[in-house]
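S.K.:
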Amino acid sequence: LPTDFDWRDHGAVTAVKNQGSCGSCWSFSTTGALEGANFLATGKLVSLSEQQLVDCDHECDPEDARSCDSGCNGGLMNSAFEYTLKAGGLQREEDYPYTGTDRGTCKFDKTKIAASVANFSVVSLDEDQIAANVVKNGPLAVAINAVFMQTYMGGVSCPYICSKRLDHGVLLVGYGEGYAPIRMKEKPYWIIKNSWGESWGENGFYKICRGRNICGVDSMVSTVAAIHTHSQ
Amino acid sequence: SIVSPDESDDLLIRQVVSDGEDPLLNPEHHFLSFKKRFGKHYANPEEHALRFGVFKSNLRRAKRHQKLDPSAVHGITQFADLTPAEFRRSYLGLRPLRLPSDAHKAPILPTND
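Protein chains in written order, with the working numbering: chain Z, 1 to 232; chain W, 1001 to 1113.
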């Protein structure tokens, strides 16, 4: 494994998006992973529609029929991959733009599919496996506890204590290592793309330290593969 | 705080000085800057007072986060006028997960060499 890796340097990550005041983080995590996978499959970076997921995806957790993807009220990346697999794919952002509300009806147009899921899998809790999967398969959809993210402005977040109760969906785009003056040594970290706009964090990104499943970041990691589809 | 043996050496040195201004000393000024920076407007004086109270509480929270998470910078973000519950309701949205027993697991990749 390389000592550091960042999919932003390889053109697989779209610009930071903003979910607004809507609990649709799960849809941004899903599109981010599929955008990366589609880039690997086709060589083209296409921004995909979160609004399609918000409006049309009501897929339920197979183990809990009451837990279904539900627009601004929340959802799950794995269920959204399942929806995308069943629906045939996702449209481009520009063809089905984000509105930040879930009051609209589903306007999915099958003739405008821009990216399709070939398959998706869950990655084991092992951090080396997570790193290997991000390098080999592209950005990964991950869940995290976001309690420290409300006040985060920059640097490598490495809280001494942090709950592992997962409540936010984000995108793991790479990893690196930086000198931590407070600890007087190099500390490895994950690079996370968030969906709260560029004015949050480090231009919309978050760095969280690696090594001990901080804030549950290693607990729910999904990788997706895309198949090439010609958009019309 | 729970410290595992392998990270205890990380905690030997703790920052005890700061050259930055403490926002808690002048919350009115920082609330004014916050409103200007993030274009915040409140419907009436009651709402304004309520949000200022939440803002002050979040300043204390950011300070606590800074102590618990010294390698990051914590402070005033666009969410500084939201209570933790409002923040969770409006900006988070991950449903509880119960991975199905037949969930497809990614194959183990080689990580040596």
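For every residue, glycine included, the Cβ atom is placed at its ideal position computed from N, Cα and C.
1. Can the beta-carbon of Val54(Z) be found less than 8 Å from the beta-carbon of Gly71(Z)?
2. Have a look at Gly138(Z) and His1048(W) and give me their C-alpha separation to the nearest angstrom.
3. Just the chain W side, please: which residues come within less than 9 Å of Asn73(Z) by C-beta, in chain order?
4. Out of Pro159(Z), Glu186(Z), Val117(Z), state which residue places its alpha-carbon closest to the alpha-carbon of Ala41(Z).
5. Mind the definition here: the region 44-60 of chain Z touches the region 88-103 of chain Z only if three or more C-beta pairs lie below 8 Å; say whether that holds.
6. Compare the beta carbon distance of Asn78(Z) and Ser195(Z) with 8 Å and say whether it is the shorter of the two.
7. How long is the line joining the alpha carbons of Asn204(Z) and Gly197(Z), rounded to whole angstroms?
8. Which class does Gln51(Z) belong to by DSSP, given the choice of helix, strand or coil?
9. Within its chain, find whatever has a CB closer than 6 Å to the CB of Ser124(Z); leave out the 5 residues flanking it on each side and keep chain order.
10. Given a limit of 7 Å on CB to CB distance, which residues of the region 163-177 of chain Z reach chain W?
11. List, from N- to C-terminal side, the alpha helix (DSSP H) runs of 4 residues or more that fit wholly inside the region 30-101 of chain Z.
12. Could you work out which residues of chain Z lie near Ala1043(W), taking near to mean beta carbons separated by less than 8 Å?
13. Could you tell me the boundaries of the alpha helix (DSSP H) in which Asn119(Z) lies?
14. Whole angstroms are fine: how far does the CA of Pro1096(W) sit from the CA of Glu63(Z)?
15. Taking Cβ-Cβ distances shorter than 7 Å, what residues in chain Z pair up with Asp1022(W)?
16. How many angstroms separate the CA atom of Gly100(Z) from the CA atom of Gln19(Z)?
17. Within the chosen definition, does the region 1039-1055 of chain W reach the region 1063-1075 of chain W through at least 3 CB pairs nearer than 8 Å?
18. Measuring only the C-alpha atoms, how far is Val173(Z) from Pro188(Z)?
19. Could you give the distance in angstroms between the alpha-carbon of Arg1037(W) and the alpha-carbon of Phe1055(W)?
20. Any idea if Ser157(Z) is buried or exposed, counting beta-carbon neighbours within 10 angstroms, 16 or more meaning buried?
21. Measuring CB to CB, does Ala12(Z) end up less than 8 Å from Phe39(Z)?
22. I want to verify the contact list: residues of chain W whose CB lies under 9 Å from the CB of Ile192(Z), in sequence order.
23. Report the residue from Leu76(Z), Ile191(Z), Ser219(Z) whose alpha carbon sits nearest the alpha carbon of Cys209(Z).
24. Identify which residue in Gly104(Z), Met220(Z), Thr30(Z), Thr151(Z) has its Cα closest to the Cα of His1065(W).
25. Please list, in chain order, the residues of the region 38-64 of chain Z that have any C-beta partner in chain W closer than 9 Å.
26. So what does DSSP say about Glu198(Z), is it helix, strand or coil?
27. From the beta carbon of Cys215(Z), is the nearest beta carbon of chain W less than 8 Å away?
M.R.: Considering the structure as presented:
1. yes
2. 45 Å
3. Gly1093, Arg1095
4. Among Pro159(Z), Glu186(Z), Val117(Z), the Cα nearest to that of Ala41(Z) is on Val117(Z).
5. yes
6. no
7. The sequence as given places Gly at residue 204(Z); Asn does not occur at that position. Rounded to whole angstroms, Gly204(Z) to Gly197(Z) spans 6 Å at the Cα level.
8. When DSSP states are grouped into helix, strand and coil, Gln51(Z) belongs to the helix group.
9. none
10. Leu166, Asp167, His168, Gly169
11. 50-56, 77-87
12. Result: empty, since nearest Cβ-Cβ is about 16 Å, beyond 8 Å.
13. Counting along the chain, Asn119(Z) falls outside any alpha helix (DSSP H), though it belongs to the beta strand (DSSP E) covering 113-123.
14. 11 Å
15. None at all; the shortest Cβ gap to chain Z is about 15 Å.
16. 6 Å
17. no
18. 14 Å
19. Using only the alpha carbons, I get a separation of about 14 Å.
20. buried
21. yes
22. Those within 9 Å of Ile192(Z) in chain W number zero; the least Cβ separation is about 12 Å.
23. It is Ile191(Z).
24. Thr151(Z)
25. Asp61, Pro62, Glu63, Asp64
26. Under the three-state reduction of DSSP output, Glu198(Z) falls in the coil class, being neither helix nor strand.
27. no
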